[in-house]
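When we follow the numbering used here, the leftmost residue of the sequence shown carries the number 2, and every step to the right adds one.
The C-beta atom is built at its ideal place from N, Cα and C for all residues, glycine as well.
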Amino acid sequence: MLDFGEHHHREHQLVWMRRGRMRVVVGASSWHVHSDHLVWLPGGAIHHITLLTEGSMISLYSPPGRTPDGDRWTRPQPLTADPLAVQLLTHLTDASLPFARRRACQELLYDVMNDSTEGAPDALVLPHDHRARTVARAIIANPGDQRTLTEWARELGVSEKTILRGFAAETAMTYGRWRTRARMLAAVQLLDRAEPVHVTAAAVGYTTSSGFISAFTSEFGVTPARYSRASQNSSA
Numbered sequence: 002m003l004d005f006g007e008h009h010h011r012e013h014q015l016v017w018m019r020r021g022r023m024r025v026v027v028g029a030s031s032w033h034v035h036s037d038h039l040v041w042l043p044g045g046a047i048h049h050i051t052l053l054t055e056g057s058m059i060s061l062y063s064p065p066g067r068t069p070d071g072d073r074w075t076r077p078q079p080l081t082a083d084p085l086a087v088q089l090l091t092h093l094t095d096a097s098l099p100f101a102r103r104r105a106c107q108e109l110l111y112d113v114m115n116d117s118t119e120g121a122p123d124a125l126v127l128p129h130d131h132r133a134r135t136v137a138r139a140i141i142a143n144p145g146d147q148r149t150l151t152e153w154a155r156e157l158g159v160s161e162k163t164i165l166r167g168f169a170a171e172t173a174m175t176y177g178r179w180r181t182r183a184r185m186l187a188a189v190q191l192l193d194r195a196e197p198v199h200v201t202a203a204a205v206g207y208t209t210s211s212g213f214i215s216a217f218t219s220e221f222g223v224t225p226a227r228y229s230r231a232s233q234n235s236s237a
């Protein structure tokens with residue numbers, strides 16, 4: 002797992018995970034992204050990119066004055082990966098492109114992006130409250146963490162209700178629902194790497210495979226074994 006750490010830069014960045022899966026954390030959002038999506042990161046936006054599986058990531062950097070048209074590009078966002086946008090982005094990685102050709106390709110790419118749809122299917126909203134966010138980040142870092150809400154409250158020096166309110170008010174999910182969602186997204190990463198179901202279950206905090214299978218099926222409408230088979234077939 003390759004972790005770029007939290008950072009920012011003056012240039013705008015457009016990222017595509019050509020193969021594999023990555024997690025992008027920006028502000029109160031955590032996006033689990035694969036080849037179906039691009040991520041736009043405007044200059045100055047603090048972000049944290051982690052490559053969750055082996056794969057290939059492409060990034061295009063552009064100076065502060067060059068963006069697609071419109072106010073939407075002042076904020077970070079995941080985008081549906083239009084096939085033409087992907088081809089142009091890949092073409093722009095060729096360092097030998099003449100300046101005029103590069104500029105024309107980038108202008109066309111930005112035109113295509115203006116028609117793109119925003120949204121990532123595997124988004125996970127982080128709470129703004131710093132106590133609840135501490136818990137959320139710990140679960141993302143280690144989805145198998147077995148600390149109870151009572152233990153978290155004692156560790157952070159707050160009441161359980163404070164943490165619960167932070168999740169409910171700011172993520173539109175209960176603490177339990179949010180933790181399950183985070184664990185299921187982590188499970189997908191492991192299954193994509195062909196980890197066995199029982200190993201995945203333990204890694205994301207389940208003491209029994211049956212409990213994990215039930216939660217995964219409820220979340221995604223397919224059993225983890227069937228998901229794993231489909232994932233391996235698609236990457237073969």
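Cβ neighbours of residue i in the same chain (closer than 6 Å, five flanking residues each side left out)
i       : result
Val-87  : none
Phe-5   : Ile-50
Met-26  : For clarity, residue 26 is Val in the given sequence; the question names Met instead. Excluding residues within five positions, the ones whose Cβ falls inside 6 Å are His-49.
Ala-105 : none
Closest residue to residue i among the options (Cα-Cα distance)
i       : options                               : result
Thr-75  : Glu-7, Arg-20 and Glu-12              : Glu-12
Arg-22  : His-10, Gly-6 and Ile-50              : Ile-50
Gln-78  : Ala-96, Arg-155, Gly-120 and Pro-225  : Gly-120
Thr-224 : Arg-73, Asp-4 and Ala-202             : Ala-202
Thr-91  : Trp-41, Ser-215 and Arg-19            : Arg-19
Leu-125 : Leu-93, Arg-104, Ser-31 and Thr-208   : Ser-31
Trp-41  : Phe-213, Tyr-111, Gly-222 and Arg-102 : Tyr-111
Ala-80  : Ile-164, Gly-222, Leu-3 and His-33    : What sits at residue 80 in the sequence shown is Leu, not Ala. Checking every option, the nearest Cα to that of Leu-80 belongs to His-33.
Arg-194 : Thr-175, Gly-212, Ser-229 and Asn-143 : Ser-229
Gln-107 : Gly-145, Leu-150 and Ser-60           : Ser-60
Thr-163 : Pro-84, Pro-65, Val-136 and Asp-37    : Val-136
Ala-65  : Ala-216, Ser-36, Gly-212 and Gln-14   : What sits at residue 65 in the sequence shown is Pro, not Ala. Nearest option by C-alpha distance: Gln-14.
Leu-85  : Asp-72, Asp-37, Ser-97 and Ala-96     : Asp-37
Neighbourhood of residue i by C-beta distance below 7 Å, restricted to the same chain and skipping five residues each side
i       : result
Val-159 : Arg-132
Leu-109 : Leu-89
His-10  : Gly-44
Arg-134 : Leu-127 and Pro-128
Arg-155 : none
Ile-226 : Note that residue 226 corresponds to Ala in the displayed sequence, not to Ile. Cβ within range, chain order: Val-198.
Thr-94  : Ile-59
Asp-130 : Gly-167 and Glu-171
Gln-147 : Gly-206
Glu-196 : none
Own chain, CB closer than 8 Å to residue i, minus 5 neighbours either side, in chain order
i       : result
Ser-210 : Val-198, His-199 and Ala-202
Leu-191 : Val-200, Thr-201, Ala-204 and Val-205
Ser-235 : The pLDDT assigned to Ser-235 is 46, lower than 50, so where the model puts this residue is not dependable, and the model offers no usable value.
Residue i - partner residues in DSSP beta bridges
i       : result
Leu-52  : Leu-3 and Met-23
His-33  : Arg-24
Thr-81  : His-38
Ala-170 : BP columns for Ala-170 are empty, so no partner.
Met-58  : Met-18
Ala-124 : Trp-32
Rounded distance between the beta-carbons of residue j and residue i, thought under 8 Å
i       : j       : result
Asp-70  : Asn-115 : 6 Å
Ile-140 : Arg-180 : 6 Å
The segment 154 to 170 touching the segment 49 to 61, judged by at least three CB pairs closer than 8 Å: These segments do not touch.
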